[in-house]
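Engineer: Numbered per the working numbering, the sequence shown spans residues 66 to 540. Shown below is the structure under consideration.
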Amino acid sequence: MSLSDSAFISALQKIVGAEQVITHPSDLEPYLIDWRKRYKGQALAALRPANTLEVSEIVKLCSANQIAIVPQGGNTGMCGGATPNPTGRQVVISLQRMNQVRSVDIANQTMTVEAGCILKNVQEAAAAANRYFPLSLGSEGSCTIGGNLSTNAGGTAVLRYGNTRELCLGLEVVLPSGEILNSLRGLRKDNTGYDLRDLFIGAEGSLGIITAAVIKIFPTPVAQWTALVAVPHAQGAVELLNLFQSGASAQLTGFEMMSDESLALLKHYYPPLASPLDGPNAYEVLVEISDYESEEHAMQLMETILEKALESGCATDAAIASSLSQAQKFWDMREHIPLAQADDGQNIKHDVSLPISAIPNFIETCNTLLRREYPGVRVINYGHLGDGNLHYNIAGASSKETGEFFTKYSKEIQALVYKEVEKYNGSISAEHGVGQQKVDYLVGHRGDIAVQVMKSIKQALDPHSLMNPGKVLAS
Ligand code: FAD
Ligand code: MLT
Ligand code: ZN
């Protein structure tokens, strides 16, 4: 028999301590709304366990009482995956107190970290061991490694180091039954049966709660050189990428594209971050080279490739950062674009991936169709071009109109953009995940059979659908 709400809360308090069971409305508020302020839910409580055993006990109690669970890390997700539904019958489990680096193994090039570790702290822990953890996102000051694993986050270093999935060797997971699956092995090879680790990575908390992970760390580059490059069109950016890929190969560690309208928005909301290049330029590209030899070697490589690019015409102007602070400014420019968009109001977000070769045509077609149908529309198009990942975001003609434009046209604009994505065999979620935002698009995108397999996996692990129901798969 299920406990009454008050008995359930008392039982939770016994597991984690009364102060870690948050029920007061004003304290609960931040756990109920997502970063973009698009989704708002309700919850019986937010729980802040200190260790894996506490997570396991909470999950067992929830399972016995048929109370659904929403795992939450830094709550920076873009698709509403960490927001409870409006029924008030779910609990949020925040992993933020589980923030210990359990061990660093230099010879094995790995670290074992708890899920609630803030990404920036993980980077700093690696640096303190004279190693490098390459995952890097604009949200790194508040997102957690558990959230990064659960969304299989991308970010700005994917073209060299891969998504979060590729940075993970082992996981500890609390299953929907409350049992603890311990696969915290730091092995680069292990072919013993199905790869369970990869099931939980990118599952957005729908199959279990990640409580710890073994992650890869790398030697620290001795030099990193950054440049901002103007290109005349998207095709120019693709050609520039090819030049850098042939010239720098694995030393190319960042290739980010920003459209003129993205840069105009940035200049409006963050004037000190206005581009130093003469503009407007159709696109500006941020390029980063990392080198294991020397500063001179890196600089020479950057200069040689840029000279070729300027000669060939795929670049029209370039500035190489002459100091660490200028390099930081270039990165700040790129990373403040989503912040400028948030300041501007609601926008119709698309996190798409495409074959890199298809990107110029995709942009051209979508821009033309959208501008014809919605005169004055702003296309805030930026992203990780080196991975074929665009944040092709659409906003109304001015900041004042964003709310109305969003409500009126979201569905049809998304349909238009996704139709173009499918023409090129692209993806409607490159790195942000599905959450609740894209649930309705999953079957259309992945097809019946793939979604049926996903549902079978969900049913096998979580037969009562208690783990983040309604996220990834429709409940
Ligand atoms: P949350 O938002 O708390 O949760 C995300 C999802 O994971 C939810 O479904 C949640 O239920 C689940 N979850 C969280 N923790 C766990 C756990 N321990 N076990 C099981 N499930 C869990 N994303 C990118 O990919 N690339 C970017 O470049 C990028 N840049 C960003 C820049 C800004 C300014 C912002 C605000 C966001 C950005 N993001 C980016 C999106 C976001 O930061 C990532 O999705 C990040 O990985 C989410 O981590 P989090 O800890 O905040 O997770
Ligand atoms: C980014 O690349 O800046 C992020 O994925 C966030 C976003 O697009 O809003
Ligand atoms: Zn991104």
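All C-beta atoms, glycine included, are put in the ideal place defined by N, C-alpha and C. Just so you know, these numbers come straight off a predicted model, no measurement behind them.
1) Taking only runs of the beta strand (DSSP E) that begin and end inside the stretch 449 to 496, which ones reach a length of at least 3 residues, in chain order?
2) Just mark E94 as buried or exposed, buried being the case when its beta carbon has 16 or more other beta carbons within 10 Å.
3) In three-state DSSP terms, what is F73?
4) What did DSSP end up calling C208 once you bin it into helix, strand or coil?
5) Would you kindly report the start and end of the unbroken alpha helix (DSSP H) that includes P90?
6) Which two residues bound the contiguous alpha helix (DSSP H) that contains E376?
7) When the Cα of E368 is compared with those of W290, L330, F283 and S418, which residue comes out closest?
8) Is there at least one non-hydrogen atom of the ligand FAD closer than 7 angstroms to the beta-carbon of C127?
9) With the cut-off set at 8 angstroms, would you say G235 and G251 are in Cβ contact?
10) Work out the CA separation of G146 and N412 for me, nearest whole Å.
11) The ligand ZN heavy atoms versus the CB of G212: any closer than 7 angstroms?
12) By the 10 Å Cβ neighbour count, where 16 or more other Cβ atoms means buried, how is Y457 classified, buried or exposed?
13) For H89, count neighbouring C-beta atoms within 10 Å of its own C-beta (all shown protein chains included) and say buried if the count is 16 or more, exposed if not.
14) Would you give the residue range spanned by the beta strand (DSSP E) that C233 belongs to?
15) Leaving out five residues before and five after Q78 in sequence, what residues of the same chain have Cβ atoms less than 7 angstroms from its Cβ?
16) Whose CA, out of S128, G344, V486 and G301, lies closest to the CA of M66?
17) Considering just the uninterrupted stretch of the beta strand (DSSP E) at F320, what are its terminal residues?
18) Assign E269 to one of three DSSP states: helix, strand, or coil.
19) When you compare only the Cα positions, how much space is there between T433 and R113?
20) Return helix, strand or coil for Y58, following the three-state DSSP convention.
21) Is the beta carbon of H415 within less than 7 angstroms of some heavy atom of the ligand MLT?
22) Classify T472 as buried or exposed, calling it buried when 16 or more other Cβ atoms lie within 10 Å of its own Cβ.
23) Could you pull the start and end residues of the beta strand (DSSP E) that E179 belongs to?
24) Closer than 7 angstroms to a non-hydrogen atom of the ligand MLT - does that hold for the CB of G448?
25) Return helix, strand or coil for Q391, following the three-state DSSP convention.
26) Quick check on R262: buried or exposed, where buried means 16 or more other Cβ atoms within 10 Å of its Cβ?
27) State yes or no: is the C-beta of V482 within less than 8 angstroms of the C-beta of H529?
28) So, is K465 buried or exposed, given that buried needs 16 or more other C-beta atoms within 10 angstroms?
29) What would DSSP say about K281, mapped onto helix, strand or coil?
30) Give me, in chain order, the residues of the same chain whose beta-carbon lies closer than 7 angstroms to that of Y439; leave out the 5 immediate sequence neighbours on both sides.
31) T276 and S204 - do their beta-carbons sit closer together than 8 angstroms?
32) My output table needs one value for M66: the three-state DSSP class, helix, strand or coil.
33) For the ligand ZN, is there any heavy atom lying closer than 7 angstroms to the beta carbon of E400?
34) Inspect the beta-carbon positions of A347 and P297 and report whether they are closer than 8 angstroms.
35) Evaluate P284 with the Cβ neighbour count: other Cβ atoms within 10 Å of its Cβ, from every protein chain shown; 16 or more gives buried, anything less gives exposed.
36) Are there three or more Cβ pairs, one per stretch, closer than 8 angstroms when the stretch 447 to 461 is compared with the stretch 508 to 528?
Structural biologist: Working from what's here:
1) For the stretch 449 to 496, whole beta strand (DSSP E) runs of length 3 or above, ordered along the chain, are 454 to 460.
2) Taking the first residue of the sequence shown as 1, we reach residue 94 at position 29. Here E94 is exposed, its C-beta having fewer than 16 other C-beta atoms within 10 Å.
3) The count along the sequence shown starts at 1 and reaches residue 73 at position 8. In the three-state scheme derived from DSSP, where H, G and I count as helix and E and B as strand, F73 is classed as helix.
4) Here residue 208 corresponds to residue number 143 of the sequence shown, with the count starting at 1. When DSSP states are grouped into helix, strand and coil, C208 belongs to the coil group.
5) If you number the sequence shown from 1, residue 90 lands on position 25. Segment P90 to L93, the alpha helix (DSSP H) holding P90.
6) As a first step, residue 376 must be located in the sequence shown, where it is residue number 311. Here the alpha helix (DSSP H) through E376 covers E360 to S377.
7) As a position in the sequence shown, residue 368 is number 303, starting the count at 1. It is W290.
8) By 1-based counting over the sequence shown, the position of residue 127 is 62. Here the distance from the Cβ of C127 to the nearest heavy atom of the ligand FAD is not below 7 angstroms.
9) As a first step, residue 235 must be located in the sequence shown, where it is residue number 170. As a first step, residue 251 must be located in the sequence shown, where it is residue number 186. For the pair G235 and G251, the CB atoms are nearer than the 8 angstroms cut-off.
10) As a working note, residue 412 is residue 347 in the sequence shown. As a working note, residue 146 is residue 81 in the sequence shown. Cα-Cα distance, rounded: 18 angstroms.
11) Position 147 of the sequence shown holds residue 212. No.
12) Translated into positions along the sequence shown, residue 457 becomes position 392. Burial call: buried.
13) Counted from its first residue, the sequence shown places residue 89 at position 24. Around the C-beta of H89, fewer than 16 other C-beta atoms lie within 10 Å, and the residue is accordingly described as exposed.
14) On the sequence shown, residue 233 is found 168 positions in, with the first residue counted as 1. It spans C233 to V239 - the beta strand (DSSP E) in which C233 sits, taken as one unbroken run.
15) Along the sequence shown, read from residue 1 onward, the residue named residue 78 stands at position 13. Answer for Q78: V86, listed in chain order.
16) Counting from 1 along the sequence shown, the entry for residue 66 is found at position 1. Closest by alpha carbon: S128.
17) Your numbering for residue 320 matches position 255 in the sequence shown. Residues L317 to S324.
18) By one-based count along the sequence shown, residue 269 stands at place 204. Coil, per DSSP.
19) As a position in the sequence shown, residue 433 is number 368, starting the count at 1. As a position in the sequence shown, residue 113 is number 48, starting the count at 1. Using only the alpha carbons, I get a separation of about 49 angstroms.
20) Limits of the chain in this structure are 66 at one end and 540 at the other, which puts residue 58 out of reach.
21) Stepping through the sequence shown from its first residue, residue 415 is reached at position 350. No, since every heavy atom of the ligand MLT falls outside the 7 angstroms radius drawn around the Cβ of H415.
22) Here the question's residue 472 lines up with position 407 in the sequence shown. Counting Cβ neighbours within 10 Å, T472 comes out exposed, since fewer than 16 surround it.
23) One-based indexing of the sequence shown puts residue 179 at position 114. Its beta strand (DSSP E) spans residues T175 to E179.
24) The count along the sequence shown starts at 1 and reaches residue 448 at position 383. Yes, the beta carbon of G448 sits closer than 7 angstroms to at least one heavy atom of the ligand MLT.
25) The residue you call residue 391 lines up with position 326 of the sequence shown. Helix, per DSSP.
26) By one-based count along the sequence shown, residue 262 stands at place 197. By the 10 Å Cβ count, R262 comes out buried.
27) Position 417 of the sequence shown holds residue 482. Position 464 of the sequence shown holds residue 529. Taking 8 angstroms as the cut-off, the Cβ atoms of V482 and H529 do not count as close.
28) Residue numbering aside, residue 465 sits at position 400 when the sequence shown is read from its first letter. By the Cβ neighbour-count rule, K465 is exposed, with fewer than 16 other Cβ atoms within 10 Å of its own.
29) Taking the first residue of the sequence shown as position 1, residue 281 is located at position 216. DSSP, read as helix, strand or coil, puts K281 in strand.
30) The residue labelled residue 439 in the question sits at position 374 within the sequence shown. Hits under 7 angstroms: Y474.
31) Taking the first residue of the sequence shown as 1, we reach residue 204 at position 139. Taking the first residue of the sequence shown as 1, we reach residue 276 at position 211. No; because the gap between Cβ atoms is not below 8 angstroms, this pair is not in contact.
32) Indexing the sequence shown from 1 puts residue 66 at position 1. In the displayed model, M66 falls within coil according to three-state DSSP, outside both helix and strand.
33) Here residue 400 is taken as the residue at index 335 of the sequence shown, counted from 1. In this structure, the C-beta of E400 stays at least 7 angstroms away from each heavy atom of the ligand ZN.
34) Position 282 of the sequence shown holds residue 347. Position 232 of the sequence shown holds residue 297. Yes, these two residues count as a Cβ contact at 8 angstroms.
35) As a first step, residue 284 must be located in the sequence shown, where it is residue number 219. The residue in question, P284, is exposed, as its Cβ has fewer than 16 Cβ neighbours within 10 Å.
36) Counting Cβ pairs under 8 angstroms, fewer than three are found: no touch.
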